[in-house]
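First residue of the sequence shown? That's 6 in my numbering, and the numbers climb one at a time after it.
Heads up, the beta-carbon is just placed ideally off N, CA and C, and yes, glycines get one too.
Accompanying notes for the structure given below.
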Amino acid sequence: MGDRAKAAQQVDDVDAVTRAVLTASRLLVAVSARSLAAVEDRVTLPQFRLLVVLSTHGPAKLVVLANRLGVKPSTAMRMIDRLIASGLADRQTNPGNRRETVLRLTPEGRDLVQDVTGRRRREIEAIVRRIVPEQRVALVEALTAFNEAGSEPAVEAADSAMHPLGWEDALPSQTTAASQKPDEVSTGATGRSTQRSPEQSA
């Protein structure tokens, strides 16, 4: 096979993989939508994303949350206010600076995240079980390569402290939350930013 034919084959391979990933992403979006259907009267998808950030990273300040969500602080604050009104999140004094506040999940918010992600994981598992074992091995290898190419860290299978969807659940218990040092951006007592952080979306 000549160099031109090899180059054409490589392009075709990239296109085929891209189409397959896009198709899989549509399926995963549909799974995500179905997992949220039971709570759509309580939270929107953007609000749920904020709850997931709090579940994943623990208590955080306003600008950190906005950065991680890729939204303006004012947008994040509106979502936070609605979640607080729904009893899914609350504010607490920053133990490192009594003039500042941080945002965290309530037990009810944590239960909601676990319920949604648990249903999502169960549906994904049901799909995976319909794949023959040999293809599962190939799928793991392909997805691992894809995740590495996208700089997504691998999850250790034996880690029992993992969230139902595979990420580290850093939210402390309500009895220990006060001792955790929050991310280094302040909302201040009024919810306004008083200090900016270079930390970007996770």
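The beta carbons of L50 and L41 sit closer together than 9 Å. Of the candidates A71, R24, E105, V22, A71 places its Cα closest to the Cα of M82.
Cβ atoms of R96 and T106 come within 8 Å of each other, at about 5 Å.
Each residue's CA atom was taken as its position, placing A150 and A143 some 11 Å apart. In this structure Q140 is exposed. Its beta-carbon is surrounded by fewer than 16 other beta-carbon atoms within 10 angstroms. DSSP, read as helix, strand or coil, puts T98 in strand. In this chain, the alpha helix (DSSP H) harbouring R115 covers 112–134. A90: member of the alpha helix (DSSP H) spanning 78–90, first to last residue. Under the three-state reduction of DSSP output, V36 falls in the helix class. DSSP lists D95 as the bridge partner or partners of R109. Judged by DSSP secondary structure, V68 falls within the alpha helix (DSSP H) whose first and last residues are 67–74. Residue state for R104 is assigned as strand, using DSSP reduced to three classes.
Judged by their CB atoms, A94 and G75 are not nearer to each other than the 9 Å cut-off.
For T61, the enclosing alpha helix (DSSP H) has its first and last residue at 50–62. For I132, the closest C-alpha among the options V36, V26, A25, T23 is that of V36. In this chain, the alpha helix (DSSP H) harbouring R141 covers 138–154. Apart from the 5 residues on each side of it in sequence, V22 has no Cβ closer than 7 Å to any other Cβ in its chain. Nearest Cα to L59 within the set S30, A38, A43, I89: I89. Of the other Cβ atoms in all chains shown, 16 or more fall within 10 Å of the Cβ of K66; this residue is therefore buried.
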